[in-house]
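Here is the structure we will look at.
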Amino acid sequence: MSAGSSIVESMLSPSYPQRAPWGTADRLRAWQREALEEYFRVDARRDFLVAATPGAGKTTFALTLAAELLRTNEIDRVIVVAPTEHLKTQWADAAARVHIRLDPRFRNSHWAPARQYHGVVVTYAQVAARSSVHKHLTEGARTLVILDEVHHGGDALSWGDAIRDAYGSARRRLLLSGTPFRSDTAPIPFVEYIPDESGARVSSTDYAYGYGRALQDGVVRPVLFHMYAGRMRWRTSAGDELEAHLGQDNTKDVTSQAWRTALDPEGEWMPAVLSAADRRLTEIRHHVPDAGGLVLATDQTVARAYAKILHSLTGQRATIVLSDDATASERIEKFSASNDRWMVAVRMVSEGVDVPRLAVGVYATSSSTPLFFAQAIGRFVRARRRGEAASVFLPNVPVLMKLANELEKQRDHALDRQSKDDDGLDDSLLESANREEEASDALTQEFSYQAISSLAHFDRVVFDGKEFGQLAEPGTPEEEEFIGIPGLLEPEHVHELLMQRQSRQSRLREAREAATPAQTTTLPEPLHRTLREQRQLLNSLVGVYARQTGEPHGAVHAELRRLCGGPAVAQATVTQLQARIDLLRRRVRS
């Protein structure tokens, strides 16, 4: 039996505290056993990279390995490098449960840990500030260095250099990652890169445990993405009023501004989505009484505004966590231990922050990198008991739809990219889209825009790369079909239930429309009808203007494309056609 096998039978539950899925209490999970056996398969292995989905138990695996290396006298010091100050305490608390004493208060003014400690917990920023201290600490003993969320080692050139300098002499290094590596080509310290079939250098992972397998194992929750669209209106810096529907065929810059308008707390979109999310939370709390919700906001101003909306909806104050608040970590811990409904955070609840009772999320931020998205969704996948499900509410914009559909996609970090977007890891999606779909000059000067109004409607649910449901107004029975999904649900039953709800939603809508055929609705017309009407109106206005000026129809169309951007009429989107219509109307009136 290998060294790894001797300890996997003896360690505590992999889910500190009380988070082991059904059937795994008091023993390691299967993937943790496999990873330990793989580690010890090669003698005196120096570097070992583990990529495991958020919530799978990377901390437990790392500390189990550290305990075994200490027990066998392979090492006599443990150093953990974490992304944030908050995580330092979490690592120290978890280590104490397996009798490893780590000092989370170690400072750069210290040159060695106190004698009673096995080692220290520090941050990447701390190492970058004074790598010589950490180099001295590493060289002073036979050291295991655990680099948590190792992609942070490439956040800046100086950080990478500092990490290499500080830990280059470590006896053992364990690299952990739970998210897609990076959106750039900055090399990550101690990660091995090997050529793929095309010759591009990609990271080599020693052991990988993805979301798909974790879901099958009952280690993580199934995540349902509730997509919301709606009609947005805003005023550009040039004074023009524009309108667009989230979820329809818009240029990328129009989508960006419509998305920004949707997130405006003064409109109707955010209150409607927050109301739907809170009703979903109520449904889940019928089965999981302490379930909580998290709103991820773009900045402090809107975070406070969202908290006010939630207070008006629930009668309870939401916990607000801001990145520059010295009490942020305490607020997170207090919320985690409470029964409160909602927390609103600005870039504070990132990878590794453990609030296991979070079951509903609202993605109310404009961040769209795969790295940030994976970190955000990772807050909701951590299972405490078998059958728990999570719901995340998203604006229906293409980049988020793509990420939601590819939740299970395994990614490696590529140093050489022949096409930046092939692996889905780069925000050049917007740049390439804008090259393909040139938009009007006015639309590219939207930095001083003003939101006018926003309306929301339910669009669909995305699960396991498949889409369910159809457009529904907030508060209608059609929307409630997906809001009211049970809070406890086995992963293998989710698809079947969503299919049933989709059928029931269709029947409800047909019955309502038959009973009230003349009822007004905020839902958009089908796209093919809208496009046909816009083309007819544009052609009519071109005819009027051509008669006024004596210019040929073709010359008028060419001038409109030059001024407003976009392709020919047959390929133009609703928004592009509307911009040309608005311009022609002003000219005809003048």
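Sequential numbering from 16 applies to the sequence shown in the numbering used here. Note that the Cβ used here is the ideal one computed from N, Cα and C, for glycine as well. In this text the structure is predicted, and so the values were computed from the model without any measurement.
- Less than 8 Å separates the beta-carbon of residue 167 from that of residue 98.
- Closest by C-alpha distance to residue 239, out of 250, 72, 508, 90, is 508.
- Beta-bridge partners assigned by DSSP to residue 134: 93, 117.
- Taking the Cα positions, residue 153 is about 38 Å away from residue 230.
- With respect to the C-alpha of residue 275, the residue from 201, 335, 383, 49 having the closest C-alpha is 383.
- CA-CA distance, residue 375 to residue 73, rounds to 23 Å.
- For residue 350, the enclosing alpha helix (DSSP H) begins and ends at 343 to 352.
- Collapsing the DSSP output to three states places residue 148 in a helix.
- CA-CA distance, residue 470 to residue 113, rounds to 52 Å.
- In the structure shown, the three-state DSSP call for residue 210 is strand.
- For residue 481, DSSP records a beta bridge to 478.
- For the pair residue 192 and residue 208, the CB atoms are not nearer than the 8 Å cut-off.
- A buried status is given to residue 391, since no fewer than 16 other beta-carbon atoms sit within 10 Å of its beta-carbon.
- Excluding sequence positions up to five before and after residue 259, its CB lies within less than 7 Å of the CB of 247, 265, 269, 273, 590, all in the same chain and listed in chain order.
- Per the DSSP secondary-structure output, residue 224 pairs in a beta bridge with 67.
- DSSP places residue 518 within a helical segment (H, G or I) once states are collapsed to three.
- Per DSSP, residue 308 is one residue of the beta strand (DSSP E) stretching across 307 to 312.
- Rounded to the nearest whole angstrom, the CA to CA distance from residue 350 to residue 326 is 16 Å.
- In this structure, residue 385 lies away from residue 409, with their beta-carbon atoms at least 8 Å apart.
- In the three-state DSSP reduction, residue 190 falls in the strand class (E or B).
- In the same chain as residue 132, and ignoring 5 residues on each side of it, the C-beta atoms closer than 8 Å to its own belong to 116, 117, 118, in chain order.
- In this structure, residue 579 and residue 553 do not form a Cβ contact; the two beta carbons are roughly 11 Å apart against a cut-off of 8 Å.
- When the Cα atoms are used, residue 413 and residue 483 turn out to be separated by approximately 17 Å.
- Taking C-beta atoms as the reference points, residue 157 and residue 186 count as a pair closer than 8 Å.
- In this structure, 149 is the residue among 203, 149, 468, 212 with its C-alpha nearest to the C-alpha of residue 184.
- Secondary structure at residue 337: coil, using DSSP grouped into helix, strand and coil.
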